[in-house]
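Step one of this worksheet: look at the structure below.
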Ligand SMILES: O=C1O[C@H](COP(=O)(O)O)[C@@H](O)[C@H](O)[C@H]1O
């Protein structure tokens, strides 16, 4: 007869309450019999009286997973064999272990003791010492939960500290991802499909490998643990790299031989290059800092803790050379899903009958997915594209056909996959407990593997702790989309941060590639003007090559002045001889006054460039010696000039500004001219408060005919209006800029940091 004592040190902790006691019940139900008996002890540091009550309450809530008879029948016996034990001092350990020892002698059974340390890792050494020195059993297992160090050197220290008391065979480090039902099947699946699959798993066929763990939950309630850890240490260095090893390692001759499996895993992990800082991007969900402030006393470093990270790994081995291996995980993501996805290259080309979906050629990527937690798949399982090969399922799995009606899975119709699921999808901690009991080594992490995993991640945990993670919206991390560029990972959307003079960060913002469905440039003002001038120069050169001339209309106002001189002085090759300069709007004042738009156009641009006199087209606001005399119909005169000179009424480039009230040109909120589809140019008037109310302006119809329109927005006073119009999708009279939408042309927004962020400072 053999007896096993399982002692959960820290038996009232979160892990124990959530997982360990139900794992214990399941273990008892499936293994306890008269030849192999099991007792459980929940150990803590409170009095026997209190502890007994607490344990009783915890065990009351541990119910059978299913109402299956054997569990219901055996549950009372399990409760009777579960006891509280006070383990605080040396004497407590001595007394407890002494009792266990006497019991085994009395009943002449061989005794085995498993101490599950569900306590903070900082106590491991002390507890290990107490066990070793006071419980002199011949057979003891010490079970540890992560964190196994915060980096390589602290991991080495932890290994050595435990090693002072227990030899490596006695130390069992849990990685519960190795106990997930599908993880358990990976090698078996590879084994039964060895013939078909092994020839595909290499750089000739594999396009990339993704190891992903997305969670809906955040870390509220456990920030004290998470703040120092962050996502890389929490799940990437361990769970996800272990999964990567299982799919990339050489398949040993016998996958049940745990030594061979370990050797093979180590061999591949040794070849994973250390993760470089350029190969990592990190993020933090927006509420994290507030949560940290609620739960921690010191939050000085909390803004640096990543709750999301993606990393690009490479294996320096011929088999996997140049295959990007992407490991990614995040909290508060759009879904809960973890998987290893292998995407295969498409080598064949379909010529006929390709569109009907029945072709053996794929419209979609060919892929194989080990779905560890279910996500959009009905349940955890293995998916294989039908066009890849027909898989066999290992004995612990069964086929589960999916219908094509369900929504897409990994971009593919469910019916396009072979789908197999574990026969028994057990909770991971049921398997942890059971594998501990049955000495199934490969569910646990050896010290050598642990340190090898740290070799891969050590550099990146150090360097990523120096980079401020990008903030993302809870459940919508689209701002974190990234791309793989050679050996680098980069966010697709650019980000700006603005620092105040003091060096403090004032604002952080993601710059989307588009604003109001048009191209957006956001940068510091000098760079912005450079981009605008470059664009004008390029379009001018192109227009002249195609049509012989270039027609550009400029707005007035201070914003435009900023770039006139740059264009005039820094583009000596600008084709002014073939350029026509027009005006977008003008104030009804003499050209010689500083209020006149033409005056500033002349003073800052025209007078510096060699442009033919007859290529300059000021708005005729001074016609007939009067300014904007209605009877002179100067608007019609300008219109006629446009009609006669500009082919198809299509300006090559129109530069607009944006008012704080969203006016463009001299089209103000609620102006009747916004709806004038007949005319091209008109008199207009600015609301009270504006300098010079009487104006002349081009109308939306004309602007919307242009090949290119650029809207230049600078200064922090434009921030609010940008924000107000950002979501407007329809034309809205209150916001004249919403009437600007080139019909067959291109609209580009040129926005400076101050306007984008609404603050001044230094941005990076
Ligand atoms: O180890 C950990 O894993 C959990 C996720 O595990 P799952 O079994 O629910 O997928 C994660 O939430 C936690 O942060 C981490 O410490």
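Residue numbers (the numbering used here): 15 to 778.
Note that beta-carbon positions come from the ideal geometry of N, C-alpha and C, so glycine has one too.
Report yes or no: do the segment 561-581 and the segment 597-610 share at least 3 C-beta pairs separated by less than 8 Å?
-> yes
From 233, 268 and 166, residue whose alpha carbon lies closest to that of residue 208 = 268
For the beta strand (DSSP E) that residue 56 lies in, which residues bound it at each end?
-> 50-58
Could you check which residue in 708, 758 and 675 has the C-alpha nearest to that of residue 734?
-> 675
What number of angstroms, rounded off, separates the C-alpha of residue 16 from the C-alpha of residue 42?
-> For residue 16 and residue 42, the distance between alpha carbons rounds to 14 Å.
Whole beta strand (DSSP E) elements within the segment 166-199, 3-residue minimum | Correct list: 185-188.
Determine contact between the segment 758-769 and the segment 704-714, defined as no fewer than three beta-carbon pairs at a distance below 8 Å.
-> no
Would the segment 714-723 and the segment 657-666 be scored as touching if the rule is three or more Cβ pairs under 8 Å?
-> yes
Would residue 224 be called buried (16 or more neighbouring beta carbons within 10 Å of its own) or exposed?
-> That one is buried.
Taking 7 Å as the cut-off, does the CB of residue 253 come closer than this to any heavy atom belonging to ligand 1?
-> yes
Give a single yes or no on whether residue 72 has its beta carbon closer than 7 Å to a heavy atom of ligand 1.
-> False, no ligand heavy atom lies under 7 Å from that Cβ.
How should residue 258 be labelled, buried or exposed, when 16 other C-beta atoms within 10 angstroms of its C-beta is the threshold for buried?
-> buried
Are the Cβ atoms of residue 185 and residue 164 separated by less than 8 Å?
-> Residue 164 is positioned such that its CB atom lies no closer than 8 Å to that of residue 185.
At which residues does the beta strand (DSSP E) containing residue 297 begin and terminate?
-> 294-299
For the segment 376-418, which segments carrying the beta strand (DSSP E) assignment without a break, of at least 3 residues, lie completely within its bounds, in sequence order?
-> 380-388, 395-399 and 411-413
Starting from residue 487, follow its DSSP beta bridges and name the residues at the other end.
-> 490
Paired residues, beta bridge with residue 126 - DSSP = 18
Give a single yes or no on whether residue 525 has its beta carbon closer than 7 Å to a heavy atom of ligand 1.
-> Not a single heavy atom of ligand 1 lies less than 7 Å from the C-beta of residue 525.
Quickly, what does DSSP pair residue 47 with across the bridge? List them, please.
-> 50
Nearest-angstrom beta carbon gap, residue 543 and residue 536 [assumed within contact, 8 Å] = In fact, because the Cβ distance is near 13 Å, the residues do not count as touching under 8 Å.
Beta-carbon gap between residue 742 and residue 765 smaller than 8 Å | no
Examine ligand 1 and report whether any of its heavy atoms sits within less than 7 Å of the Cβ of residue 388.
-> no
Across which residues does DSSP place residue 655 in a beta bridge pair?
-> None, per the DSSP bridge assignment.
Around the Cβ of residue 304, are there at least 16 other Cβ atoms within 10 angstroms (buried) or fewer (exposed)?
-> Exposed, by the Cβ-count rule.
Which word fits residue 634, buried or exposed, when buried means at least 16 other C-beta atoms lie within 10 angstroms of its C-beta?
-> buried
Segments assigned beta strand (DSSP E), at least 3 residues, entirely inside the segment 642-715 = 667-671, 695-699 and 708-712
So, helix, strand or coil for residue 275, using DSSP?
-> helix
Using CA coordinates, which residue listed in 450, 25 and 88 is at the minimum distance from residue 60?
-> 25
Leaving out the 5 sequence neighbours to the left and right, which residues in its chain are closer than 6 Å to residue 92 when beta-carbon positions are compared?
-> The residues are 39 and 42.
Assumed close pair residue 683, residue 621 - CB separation to whole angstroms, cut-off 8 Å | With 8 Å as the limit, residue 683 and residue 621 do not qualify as a contact, their Cβ atoms being about 35 Å apart.
Quick one: Cα of residue 653 to Cα of residue 563, how far?
-> 19 Å
Return the first residue and the last residue of the alpha helix (DSSP H) that residue 71 is part of.
-> 62-74
Presumed contact (8 Å Cβ cut-off) between residue 199 and residue 415, rounded CB distance = Contact doesn't hold; Cβ gap of about 18 Å is too wide.
Heavy atom of ligand 1 within 7 Å of residue 351 beta-carbon = no
So what does DSSP say about residue 509, is it helix, strand or coil?
-> strand
Residue range of the unbroken beta strand (DSSP E) whose run includes residue 593 | Note, residue 593: beta strand (DSSP E), 593-597.
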